[in-house]
Amino acid sequence: MIDSLGVVLQSFIPHPSALIPMFLALALIAIAGGTLLTYLYDEGVPLISRLSAGAVLGFGAFGLLAFFYASFLGLTWITLILASASVALPLFLLREPKRRALVFEDIDTAIRGLGRAARHPSLHTTLSFIFYASIALLLWLVFDRAMFEQGEGIYTGLVNNYGDLPFHLSVITSFVKGANFPPEDPTYAGA
16 MIDSLGVVLQ SFIPHPSALI PMFLALALIA IAGGTLLTYL YDEGVPLISR LSAGAVLGFG
76 AFGLLAFFYA SFLGLTWITL ILASASVALP LFLLREPKRR ALVFEDIDTA IRGLGRAARH
136 PSLHTTLSFI FYASIALLLW LVFDRAMFEQ GEGIYTGLVN NYGDLPFHLS VITSFVKGAN
196 FPPEDPTYAG A
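In this note's numbering, the protein residues as written are 16 to 206.
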């Protein structure tokens, strides 16, 4: 059963494009929280490594915490807010002056390194840039074809996605519209 606040929040569902800034903010909160957690266990690591590990930690923690909260509160906006606030808790680590100085020093070092690489590119930095830009372009092209909508329905441009896409869409739909929490595989529902 959904409480009155949950009903009010669920009845307000804006157009998906209006939610993009909120989702970007949630992603930044998760990445920032995860990145700051790396300062608890890893010393002397470049900022790019911290950001990479922080993205994995932050998104993993967000998913687990949202699952935990949804187990008790249902899959509502309140669950999303609680999970977001929980992943943002590592931001309190910046209250410690020594740790805050270390974070700002890492940011400054990364900015100076980027400036130096742009002003005086070496073969290594040029090849690294070309490699990562190529990977980003390839991933963009692949993900752009993973799922797209047209007037007649939903399509995929990837052959290996034919079986996965309907399954994942049915699971997502069962969460969003079917109050399927805790999760139940829609293929075996009612069996």
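Backbone N, C-alpha and C define an ideal beta-carbon position, used for all residues, glycine too.
Contact between the region 72 to 86 and the region 135 to 154 is absent, with fewer than three C-beta pairs closer than 8 Å. Counting along the chain, the unbroken alpha helix (DSSP H) around E120 starts and ends at P112 to R134.
One thing to note: L109 has its Cβ within 8 Å of the Cβ of V118.
DSSP places Y203 within a helical segment (H, G or I) once states are collapsed to three. A straight-line Cα-Cα distance of about 39 Å links D121 and H183. Distance from the CA atom of L97 to the CA atom of K113, rounded to whole angstroms, is 29 Å. Within the same chain, Cβ atoms closer than 8 Å to the Cβ of L106 are found at A47, G48 and L51, the five residues on either side in sequence being excluded. According to the DSSP assignment, F83 belongs to the alpha helix (DSSP H) that extends over L62 to L88.
Around the CB of T202, fewer than 16 other CB atoms lie within 10 Å, so the residue is classed as exposed.
Residue environment: T53 is assigned as buried (16 or more neighbouring CB atoms within 10 Å of its CB, all protein chains considered). For G168, the enclosing beta strand (DSSP E) has its first and last residue at G168 to Y170. The continuous stretches of beta strand (DSSP E) do not include F107, and DSSP gives it neither H nor E.
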